[in-house]
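A.B. asks: One structure follows; several queries about it will come next.
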């Protein structure tokens, strides 16, 4: 489910493939993003930081993204 979202699958297709509540998908993605950001602050290696940043960017899109208003 998370991999499908990170690979760019749209919300409706993810939910068809993995039947769950849309809010659960959003919550799991946001929790994953939070964990990845914690890892990012603890990792000194540039190559690993780059991969973690890419993972955050791939998850943090669409309905998952929290925007400040």
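In the numbering used here, the protein residues as written are 15 to 83.
For each residue, glycine too, the CB sits at the ideal point set by N, CA and C.
Fair warning: this is a prediction, and the values are worked out from it, not measured in the lab.
(1) Along the alpha helix (DSSP H) that carries residue 26, what are the first and last residues, could you check?
(2) Less than 8 Å between the beta carbons of residue 40 and residue 78, yes or no?
(3) Sorted by chain position, which residues of the same chain lie with C-beta nearer than 6 Å to residue 59's C-beta, five sequence neighbours on each side aside?
(4) Could you check what DSSP says for residue 38 in three-state terms: helix, strand or coil?
(5) I'd like to know whether the C-beta atoms of residue 63 and residue 20 end up nearer to each other than 8 Å.
C.D. replies: A quick look at the data gives this:
(1) Counted from its first residue, the chain shown places residue 26 at position 12. Looking at the DSSP string, the run of the alpha helix (DSSP H) that includes residue 26 is 25-31.
(2) Here residue 40 refers to the residue found at position 26 of the chain shown. Here residue 78 refers to the residue found at position 64 of the chain shown. For residue 40 and residue 78, yes; Cβs fall inside 8 Å.
(3) Working through the chain shown from its first residue, we reach residue 59 at position 45. Same-chain partners within the cutoff: there are none.
(4) On the chain shown, residue 38 is found 24 positions in, with the first residue counted as 1. The answer is helix: DSSP assigns residue 38 an H, G or I state.
(5) Numbered from its first residue, the chain shown carries residue 63 at position 49. Numbered from its first residue, the chain shown carries residue 20 at position 6. Contact flag unset, no.
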